[in-house]
Amino acid sequence: MTALILHGGAGARRERNYDREVVHMREVVEAMKARLDAGAPALDVAVEAIVMLEDSGLYVAGRGASPNLAGQYELDASLMDGDGRRPGAVAALQGFRNPIRAARAVLDHTPHVMLVGEGAASFCAAQGLDRIEDPEAWFTRAGQGEDNHPPGTLSHGTVGCCVLDANGRLAAATSTAGVFGKMPGRVGDTPILAAGTWADDRIAASGTGQGEYFMRVAATAQVSWRVAAGQSLAEATQGVIDEIGGLGGDGGLIALDRAGNIAQPFNSQGMKRAWLTMGGEIGVEVFGR
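Written out as structure tokens, the structure reads:
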């Protein structure tokens with residue numbers, strides 16, 4: 000039996016309509032269900048789901064990015080294969096279409112965990128990854144007009160996916176363009192293992208929100224530690240979100256465990272998300288809990 004959960008960011012605002020995102024997230028889950036039914040491994044499915052989210056231009060990741068204060072598009076992504084805790088990540092990547100594919104290439108073709116900036120771009124070029132020839136034409140700036148925090152504070156947007164495959168393997172992947180109007184060189188939790196992404200033999204988790212707070216609590220790895228200490232997945236994820244909220248931050252988490260249990264707590268207005276249960280049921284939600 001297989002299961003999956005994805006998110007399109009915890010920056011949803013009640014005054015906005017998310018019908019397009021709801022339809023698209025369902026399409027992604029349906030496509031990934033077919034891949035899982037065909038026996039695809041969790042890591043491959045997580046990457047493929049993120050590519051679909053990045054390429055849609057509907058979320059603040061991949062094509063949906065907005066420029067930083069210097070007018071540059073800097074993208075971050077990470078992934079983790081729970082089977083052996085194998086990771087890959089890129090940060091402040093410019094000029095390439097899918098940062099999650101870059102993170103996968105780091106995992107597959109280097110001894111490193113993360114590449115950043117110009118080094119990451121040179122590596123992506125050497126790997127033959129798809130370039131962005133005309134940034135102004137490519138990027139949709141999905142976050143413009145949807146600043147979810149007052150000026151001078153940390154607004155946000157991210158996509159993520161957690162997968163349990165037929166062999167009981169877990170994987171997680173996360174991708175972002177970062178907070179709106181960020182300083183050049185700013186890196187949040189998304190490419191940081193244990194903060195924005197985590198997968199091991201117990202759980203897979205992906206975060207979305209004000210990344211500075213997720214880093215301060217080691218948000219996604221903390222879910223696994225709490226589960227190891229005896230908490231349920233629901234208790235563990237809610238505990239992490241409560242800790243983030245106690246520090247003044249907001250956002251959400253999606254997570255899966257080896258039994259196929261799904262958790263999706265958030266303390267923001269909404270979190271765009273969709274899921275596939277062990278029983279084969281697909282759900283999509285933005286504001287309901």
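The sequence shown finishes on residue 288 if you use numbering that gives the first Met the number 0, and the numbering steps up by one all the way, no holes. We treat Cβ as the ideally placed atom computed from N, Cα and C, and that holds for glycine.
1) So, at 7 Å on beta carbons, what are the nonlocal neighbours of residue 214 in its own chain, with the 5 sequence-adjacent residues on each side left out?
2) If I measure Cβ to Cβ from residue 271 and keep anything under 7 Å in the same chain, skipping five residues before and after, which residues do I get?
3) Would you mind working out which of 52, 33, 256 sits nearest residue 163, comparing C-alpha positions?
4) Once DSSP output is grouped into helix, strand and coil, what is the label at residue 149?
5) Check whether the Cβ atoms of residue 170 and residue 81 sit closer than 8 Å, and answer yes or no.
6) Does residue 75 come out as helix, strand or coil in the three-state DSSP assignment?
7) Output the residue ranges of the beta strand (DSSP E) runs that lie fully inside the segment 233–259 and measure 3 residues or longer, sorted by chain position.
8) DSSP state of residue 270, grouped into three classes?
9) Are the Cβ atoms of residue 158 and residue 58 separated by less than 8 Å?
10) Tell me which residue opens and which closes the beta strand (DSSP E) that residue 99 is part of.
11) Using the DSSP secondary-structure output, state which residues sit across from residue 4 in a beta bridge.
12) Note down, in chain order, each residue of its chain lying with its Cβ closer than 6 Å to the Cβ of residue 150, except the 5 sequence neighbours on either side.
13) Quick one: using the 10 Å Cβ neighbour count with 16 as the cut-off for buried, is residue 152 buried or exposed?
14) Indicate the three-state DSSP secondary structure (helix, strand or coil) for residue 297 in the structure shown.
15) Indicate the three-state DSSP secondary structure (helix, strand or coil) for residue 182 in the structure shown.
16) Mark residue 22 as exposed unless 16 or more other C-beta atoms lie within 10 angstroms of its C-beta, in which case mark it buried.
17) By the DSSP assignment, the beta strand (DSSP E) with residue 284 in it spans what residues?
18) Helix, strand or coil for residue 131, going by three-state DSSP, please let me know.
19) For the alpha helix (DSSP H) containing residue 116, name the first residue and the last one.
20) In this structure, does DSSP put residue 35 in helix, strand or coil?
21) Measuring straight from C-alpha to C-alpha, what distance separates residue 236 and residue 254?
22) In angstroms with no decimal places, state the Cα-to-Cα distance between residue 197 and residue 66.
23) For residue 246, count neighbouring Cβ atoms within 10 angstroms of its own Cβ and tell me buried if that reaches 16, exposed if not.
24) Among 135, 139, 98, which one has its Cα closest to the Cα of residue 126?
25) Per the DSSP calculation, residue 261 is bridged to which residue(s)?
26) Classify residue 280 as buried or exposed, calling it buried when 16 or more other Cβ atoms lie within 10 Å of its own Cβ.
27) Are the segment 218–232 and the segment 102–121 touching, with three or more C-beta to C-beta distances below 8 Å?
28) Counting along the chain, where does the alpha helix (DSSP H) carrying residue 204 start and finish?
29) Taking the straight line between their C-alpha atoms, what separation do you get for residue 287 and residue 269?
Reading from the atomic positions:
1) 188, 191, 194
2) 6, 7, 8, 11, 17, 20, 24, 285
3) 256
4) With a pLDDT of 48 at residue 149, under the threshold of 50, the modelled position of this residue cannot be trusted, and the question is left open.
5) yes
6) strand
7) 250–256
8) strand
9) yes
10) No beta strand (DSSP E) holds residue 99; the alpha helix (DSSP H) holding it covers 98–108.
11) 161, 274
12) Any reading at residue 150 must be qualified, since the residue scores a pLDDT of 43, below 50, and its modelled position is unreliable; the value itself is stated next. Hits under 6 Å: none found.
13) Low local confidence applies: a pLDDT of 43 at residue 152 is under 50, so the model's placement there is unreliable, and no value is given.
14) Shown here, the chain extends from 0 to 288; a query on residue 297 therefore has no answer.
15) coil
16) exposed
17) 281–284
18) coil
19) 116–125
20) helix
21) 8 Å
22) 27 Å
23) exposed
24) 98
25) 255
26) exposed
27) no
28) Per DSSP, residue 204 belongs to no alpha helix (DSSP H); it is in the beta strand (DSSP E), 202–208.
29) 8 Å
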